[in-house]
Amino acid sequence: MLHYRNFLPEELAADPSFRRWVLYNDPADEAVWTEWLEHHPDKQDLVNRAKNFLAMTEAAFDQISDEEVANEIYRLSHSIGENRAKKSSIWLHFRPNWYHMAASVLILMFAGWWYNKQTLSQQQSDQYKVILSQIKEPLIEAVNNSDEAKLVTLEDGSSVLLQPASRITYPRRFEGRKREVFLKGEAFFEVAKNPDKPFYVYAHTLATKVLGTSFKVSAFDDQEVKVVVKTGKVSVFPMTKEAIASQHADDKLGGMVLTPNQQITFAPNELRLTRSLIPDPKLLELPIQRQSFEFKGTPITEVFAALEKSYGVKIVFDAEVMQNCYLTASLSDEPLFEKINLICKTIGAQYEQLDASIIINSKGC
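Just so you know, we're using full-length UniProt numbering here: the sequence shown kicks off at 1 and counts up by one.
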């Protein structure tokens, strides 16, 4: 049995003797493998991984009908040149003879898929760490342990509404030709437009690239990763070395491009990437995603109230002095302070940020 030392876990899982021991507790095979492990204790991890393969495939295989297995064996036998094999219903009476051969085929197919899935998942996780380690600028980490959204303003003016139980890591200053942030959890982004310096959000297993737009990323551990676009366009691609290198080398949006009211959901356990349309924006999860910043002769008190509710900030102003101020404007994916700046220019006011509040200074309209 020395040749088993060089087996991969999936190859060991497909071995008839090994399966009889693990799945059917065959006494003879149990004695053989117990003795083998005594002589090769360094292979205990190999055996454990092979057992895991069998545990995952046993239930699935039991749900496959005899006819399906017979058809697959018939197809495979012809593909490898065994043309003498004949498809016949009589095979079904001898399931014990060919059951293990079919199981071997299916286990190897499943094992290959599972191995590739685990490898890709590990690559994506490793790439997240690699990119983070390559940032030369000092990093800041914002954590939201509260029950409400937390506003984070980046150096370039971009706004991030960080949701509860979430954290974002970003450079103090965006140097070079890229703006890169790292998210764990959920956040709504309004990115300051800069076509010469693309903005990247790395979140778990997916990366999102934008030039300036508003969108939400949800990437909690062990859950689906979701990107939802409110305005503009974003590019979503898997966090692999090849995909990221390709995106970094191209200033345009590549990968899978999303437009307003579209979303992408990535199921890491199934390696399934799904793009879909959101037919009713009112169904979006975050209040700011549903909020329309279209104002037509709107009293300034209502404008500031909408901003306060959407961003969770306090806007301090003299309502009596500004009682005759009205706003007609279309504000979409601008970050919060761009919105405030545009409003102030329109009504002839100034603003300043003080702690967690925005102070509006005006002589009236």
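Ideal Cβ positions, reconstructed from N, Cα and C, are used throughout, including at glycine. These figures come from a predicted structure and were not determined experimentally.
How would you call residue i, buried or exposed, if buried means at least 16 neighbouring beta carbons within 10 angstroms?
i: residue 13; result: buried
i: residue 205; result: buried
i: residue 238; result: buried
i: residue 352; result: exposed
i: residue 162; result: buried
i: residue 24; result: exposed
i: residue 44; result: exposed
i: residue 307; result: buried
i: residue 275; result: exposed
i: residue 433; result: There is simply no residue 433 to check, as the chain begins at 1 and stops at 365 in what is shown.
i: residue 149; result: buried
i: residue 289; result: buried
i: residue 348; result: exposed
My output table needs one value for residue i: the three-state DSSP class, helix, strand or coil.
i: residue 197; result: coil
i: residue 161; result: strand
i: residue 267; result: strand
i: residue 323; result: coil
i: residue 276; result: strand
i: residue 41; result: helix
i: residue 53; result: helix
i: residue 6; result: helix
i: residue 373; result: No information on residue 373 is available, as it lies outside the stretch 1 to 365 that the chain covers here.
i: residue 286; result: coil
i: residue 155; result: coil
i: residue 28; result: helix
Nearest to residue i by alpha carbon, out of the options?
i: residue 264; options: 23, 224, 16, 200; result: 224
i: residue 179; options: 21, 191, 314; result: 191
i: residue 138; options: 152, 150, 173; result: 173
i: residue 5; options: 329, 360, 47, 220; result: 47
i: residue 52; options: 8, 27, 32; result: 8
i: residue 312; options: 358, 197, 36, 318; result: 358
i: residue 257; options: 229, 344, 341; result: 229
i: residue 213; options: 326, 184, 159; result: 159
i: residue 369; options: 297, 296, 316; result: Outside the displayed range of the chain (1 to 365) lies residue 369, so it cannot be described from this structure.
i: residue 232; options: 360, 261, 176, 354; result: 261
i: residue 299; options: 40, 343, 32; result: 343
Residue i and residue j look like a contact to me (Cβ under 8 Å); what is the Cβ gap, rounded to whole Å?
i: residue 202; j: residue 182; result: 5 Å
i: residue 356; j: residue 314; result: 7 Å
i: residue 328; j: residue 297; result: 6 Å
i: residue 218; j: residue 186; result: 4 Å
i: residue 303; j: residue 362; result: No, residue 303 and residue 362 are not in contact; Cβ-Cβ is about 13 Å, not under 8 Å.
Any beta carbon from chain D within less than 8 Å of residue i's own beta carbon?
i: residue 318; result: Note that chain D does not occur in the displayed structure, where there is just one protein chain.
- Query: Can you find at least 3 beta carbon pairs, one from the region 138 to 147 and one from the region 166 to 175, that sit closer than 8 Å?
  - Reply: yes
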